[in-house]
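Numbering (our numbering), first residue to last: 90 to 187. All C-beta atoms, glycine included, are put in the ideal place defined by N, C-alpha and C.
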């Protein structure tokens, strides 16, 4: 499958993937990242760094991994696994849910 990479800077600060913030070429993986951040938001009530201004949130996204520990322990174990795999910073890979 052909994957087109782009380099436009677009996105909502608290959900934006590190590749976009760092102005690196990116592909569909950035959408998977946003899905993982949305799952954290659904579980917690706010996105990661939702309590800080947008510029600070983007800086923190570059520097830190998303806080997987905020997911409720009673939640289905598949959800933390999906969040963890969708917010990995490695090269794009197929996500396997175990």
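Bounding residues of the alpha helix (DSSP H) (the contiguous stretch that carries residue i)
i	result
residue 113	Premise fails: residue 113 is in no alpha helix (DSSP H) and is neither H nor E.
residue 161	No alpha helix (DSSP H) contains residue 161, which DSSP labels as neither H nor E.
residue 169	167–175
residue 106	Taken as a continuous stretch (DSSP letters only), residue 106 belongs to no alpha helix (DSSP H), as it is neither H nor E.
residue 144	143–152
From the options, residue whose alpha carbon lies closest to that of residue i
i	options	result
residue 156	173, 101, 115, 105	173
CB contact flag (residue i, residue j, <8 Å)
i	j	result
residue 121	residue 151	no
residue 176	residue 105	no
residue 107	residue 146	no
residue 141	residue 149	yes
residue 166	residue 132	no
Same chain only: Cβ atoms within 7 Å of residue i, ignoring 5 sequence neighbours per side
i	result
residue 128	168, 171, 172
residue 136	103, 104, 126, 129, 130
residue 119	106, 108, 109
Contacts around residue i, its chain only, beta-carbon distance under 6 Å, and the 5 residues preceding and following it disregarded
i	result
residue 123	104
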